[in-house]
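> Protein chains in written order, with the working numbering: chain L, 1480 to 1877; chain R, 7 to 456.
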């Protein structure tokens, strides 16, 4: 069982979105989480001045599935069709550390005690990193909701934050009611529908073209970034080399022995730096791309809903014409057409606002992360240089 | 120290079907032995990886022979047999020796040698010197797969890398061989370095790494079959043998770790390049101008970094991995001479046993009054007394030689490792400094996103 509650680290971790806890009237965070056999229990902590809540401060335990339920109910809500709905946090994925643990178990006999201890240490660190990441991404999801003027008032959101019983009953009911209808529809047909729509509005035409292309490119970039950061296993090799050097050192005369031991030490230190280099790149670059791939999809979903509304409006026009021709149910058709137009206009208006602020948000997040990543890489490289040069000096004088 | 590409000029090799292959009478197993044409390559002169310093054992003069090996055959060969095709081509290496030593006839000489010539040289040296306890540096391994790709004119990166790997290995082999004071003076070595024509190596099968291994194993078998276990009066030998056993295990492990490092760095380089391309595409797609520019710059940085990883992995390989591989093979040679010593001891013991038998036989004949048989027996005793003395002398000589050889080996090993470790650490420093440079150039671009 692992738990997390360091605040300073979390501040650095919150990289993918700009600080969302600006409004003191509703402040949400996940100060603690427990990991039991890959099932994570998040402690959702709320501080609020809003009267809609029963208490000013409270905490509830929540599972990943509860977050998904909340996301889905928001997606299914008609009134929110004009908003970009914050993407659901991905399921906690402990596959990496689990695989490593397996490898560790297999290779135990072929390693020295020190190597084994080091790898175990690394494994624990990796586990912790995955853990921290999943906490962060769940936290950001809630904070996106709390900082949005409409979502923060959502009834289900309030239930999620406040309800001190198990949510699993509600989750089951929701599944039965909607059956994931909207979700599935969005997934399958959006590309075709969005590109098929005849766009009058210059803004939306541009956005559509941009989002369709960008979503493909960012998905690819995310995949390649994941592959790159996953293959950054240099630290492991340095660990083995360090161990092997220490091994070799044992049998030598004093001078050379010291030399080899010093080298082993260099590799050990380099290992730590390489490790940090790889994990920082993962956090700042790969996580960023992952998050925005999901967010871009959420923006596309908005476009889809608007496109559907436009299609509905066009259909209602056709129906009205037919009704007028037949001379039957004209009033009803007129009313229907009016409503469709209203809905479409509402979606267009809020959609425009949402997409504009989305772009701003995206640019700020990329800037922040790219700067932070670059500064960290420079820092680590400088560390490596000074440690290597120091060792070279010592070895030369030996 | 990244190797530059050696290019095969296309005219020399027709990559079409396999033409008739001349059977090499010397070696039926060696499919690729026969020569039809020289392969022309373009590659600049390279610095030897192990540079020689003065070696007091050879000569008081400060400049020792420097041997450069590079492959370049500027002129197409005249002796071109029948229908030329890739499979029958062979690689020729130019061996350049610069020296001030008087045992060489010229102070600068350049010869062309085939891979099998190197194997032939090693075989001769091993058969001459191993039984005396000299550590004869092993020749590089044969590689049918690697060589085939080169022969059929495959110009891809892997065959270029293979040629460079082999050239480098051959160079290290020669440098080690001439560093040995006795081997340097050997007429076969001198002939190899100097004479323009060299008789074709007799049997390449026996010259393969496997062949030498067989020879070494035969000695080991002889040792195992010894009926009387050697009574090691000299603790030094027992200690050293154990040390070399340990060293063997340790170096193999270290070598495996470094090979893993080389592989992972190469993989990282490939994945970084792939990401760079993807980031460039993303930058193109991005409609915010400043962010788009920054992403394109990021792509460029990542591309440079991928090249950096690749260069570093070459350093990993050529500096450390290959050296470790060489030492693993060298230790096999060292273990071989220890076995040769045991063989010598066994021979001596056997002679003593035989002498004893002859003495007993003579004693019996004393009472049989057969004068000619007695004379024969006495003669035989004298013969075997001589053999016993020779056996003892040989054993003592090989023991002395081994002590000296091992001392020299240890000194060289320590020196080699120190030099290489230093070079390697400096290569790591260089890589990190480049990384700093690239990221520091990118930082203002990232900050410029508005």
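C-beta: ideal position from N, C-alpha, C; glycine also.
Can the beta-carbon of residue 1520 of chain L be found closer than 9 Å to that of residue 1540 of chain L?
For residue 1520 of chain L and residue 1540 of chain L, yes; Cβs fall inside 9 Å.
> Could you tell me whether the Cβ of residue 1854 of chain L comes closer than 9 Å to any Cβ of chain R?
Yes, contact with chain R.
> Mind listing the chain R neighbours of residue 1730 of chain L? Cutoff is C-beta to C-beta under 8 Å, in chain order.
Under the 8 Å cutoff, chain R gives 249, 252, 253, 256.
> Between which residues of its own chain and residue 247 of chain R is the CB-CB distance below 7 Å, once the five residues before and five after are set aside?
Closer than 7 Å at Cβ, skipping near neighbours: 344.
> Return the CA-CA distance between residue 1781 of chain L and residue 1561 of chain L, expressed in angstroms with no decimal places.
Distance between the alpha carbons of residue 1781 of chain L and residue 1561 of chain L: 6 Å.
> Under 8 Å by Cβ, that's how I've got residue 511 of chain R and residue 341 of chain R pegged, so tell me the actual separation to the nearest angstrom.
As displayed, chain R neither begins before 7 nor continues past 456, which places residue 511 of chain R out of reach and without an answer.
> Helix, strand or coil for residue 303 of chain R? Go by DSSP, reduced to three states.
Here residue 303 of chain R sits in helix by DSSP.
> Counting contacts by CB-CB distance shorter than 9 Å, is residue 337 of chain R in contact with chain L?
Closer than 9 Å: no.
> Report yes or no: do the region 389-400 of chain R and the region 323-343 of chain R share at least 3 C-beta pairs separated by less than 8 Å?
Contact fails: fewer than three Cβ-Cβ distances are below 8 Å.
> Run the CB neighbour count on residue 1869 of chain L, radius 10 Å, all protein chains shown included, and call it buried at 16 or more, exposed below.
The residue is exposed, with fewer than 16 neighbouring Cβ atoms inside 10 Å.
> Which same chain residues end up closer than 7 Å to residue 1684 of chain L when comparing Cβ atoms and leaving out the 5 residues on each side of it in sequence?
Hits under 7 Å: 1678.
> Go to residue 1557 of chain L, then tell me how far its beta strand (DSSP E) extends in each direction, as first and last residue.
Run containing residue 1557 of chain L: none; DSSP gives neither H nor E here.
> Please report the distance separating the alpha-carbon of residue 1789 of chain L from that of residue 1823 of chain L.
About 6 Å.
> Need the endpoints of the alpha helix (DSSP H) that residue 1600 of chain L sits in, please.
Taken as a continuous stretch (DSSP letters only), the alpha helix (DSSP H) holding residue 1600 of chain L covers 1592-1625.
> Taking DSSP as the reference, what is the three-state secondary structure of residue 121 of chain R?
If DSSP states are grouped into helix, strand and coil, residue 121 of chain R belongs with the helices.
> Using the three-state DSSP reduction, which class does residue 1512 of chain L fall into: helix, strand or coil?
DSSP places residue 1512 of chain L in strand when its eight states are reduced to three.
> Between the Cα of residue 1706 of chain L and the Cα atoms of R:258, R:268, R:245, R:275, which residue gives the shortest distance?
Among R:258, R:268, R:245, R:275, the Cα nearest to that of residue 1706 of chain L belongs to R:275.
> Tell me, to the nearest whole angstrom, how far the beta carbon of residue 1757 of chain L is from that of residue 1711 of chain L; I am working on the premise that it is less than 8 Å.
Contact flag correct, Cβ pair sits at about 4 Å.
> Looking at the structure shown, is residue 373 of chain R part of a helix, part of a strand, or coil, going by DSSP?
Coil, per DSSP.
> Which residue's Cα is closest to the Cα of residue 449 of chain R: R:387, R:149, R:252, R:301?
For the residues R:387, R:149, R:252, R:301, the minimum Cα distance to residue 449 of chain R belongs to R:301.
> Around the Cβ of residue 295 of chain R, are there at least 16 other Cβ atoms within 10 angstroms (buried) or fewer (exposed)?
Looking at its Cβ environment, which holds fewer than 16 other Cβ atoms inside 10 Å, residue 295 of chain R is exposed.
> Quick check: what's the CA-CA separation for residue 1701 of chain L versus residue 445 of chain R?
Looking at the two C-alpha atoms, the distance is approximately 21 Å.
> Assign residue 1735 of chain L to buried or exposed, taking buried as 16 or more other Cβ atoms, counted over all protein chains shown, within 10 Å of its Cβ.
Buried, by the Cβ-count rule.
> Between R:124, R:435, R:307, which has its C-alpha nearest residue 172 of chain R's C-alpha?
If we check each option's Cα against that of residue 172 of chain R, R:124 comes out closest.
> According to DSSP, which residues form a beta bridge with residue 1541 of chain L?
BP columns for residue 1541 of chain L point to L:1521.
> Where does residue 395 of chain R land, buried or exposed, given buried means 16+ other C-beta within 10 angstroms?
Under this definition residue 395 of chain R is an exposed residue.
> Mind listing which residues of the region 188-200 of chain R have their C-beta closer than 7 Å to chain L's C-betas, in chain order?
Those would be none; no residue qualifies.
> If we ignore side chains and look at the alpha-carbon of each, how far apart do residue 1836 of chain L and residue 1786 of chain L end up?
Each residue's alpha carbon lies about 20 Å from the other.
> Would a check of beta-carbon distances place residue 1561 of chain L closer than 9 Å to chain R?
So no, residue 1561 of chain L is outside the interface.
> When we look at the beta-carbon of residue 318 of chain R and count the other beta-carbons within 10 Å, is it buried (16 or more) or exposed?
Residue 318 of chain R comes out buried.
> Compare the C-alpha of residue 1745 of chain L against each of L:1565, L:1704, L:1579, L:1867 and name the closest.
Nearest option by C-alpha distance: L:1867.
> Would you check if there are 3 or more beta carbon pairs closer than 8 Å linking the region 1599-1610 of chain L to the region 1620-1639 of chain L?
In short, these stretches do not touch, since the Cβ pair count stays below three.
> If you compare alpha carbons, which of R:167, R:254, R:134, R:182 is closest to residue 324 of chain R?
Ranking R:167, R:254, R:134, R:182 by Cα distance to residue 324 of chain R puts R:167 first.
> Counting C-beta neighbours from all protein chains within 10 Å, is the total for residue 1528 of chain L 16 or more, i.e. buried, or is it exposed?
Exposed: under 16 other Cβ atoms inside 10 Å.
> Excluding the five sequence neighbours on either side, which residues of its own chain have a C-beta within less than 7 Å of the C-beta of residue 1682 of chain L, listed in chain order?
Correct list, in chain order: 1831.
> By the three-class DSSP mapping on this structure, what secondary structure does residue 1529 of chain L have?
Of the three classes helix, strand and coil, the one that applies to residue 1529 of chain L here is coil, per DSSP.
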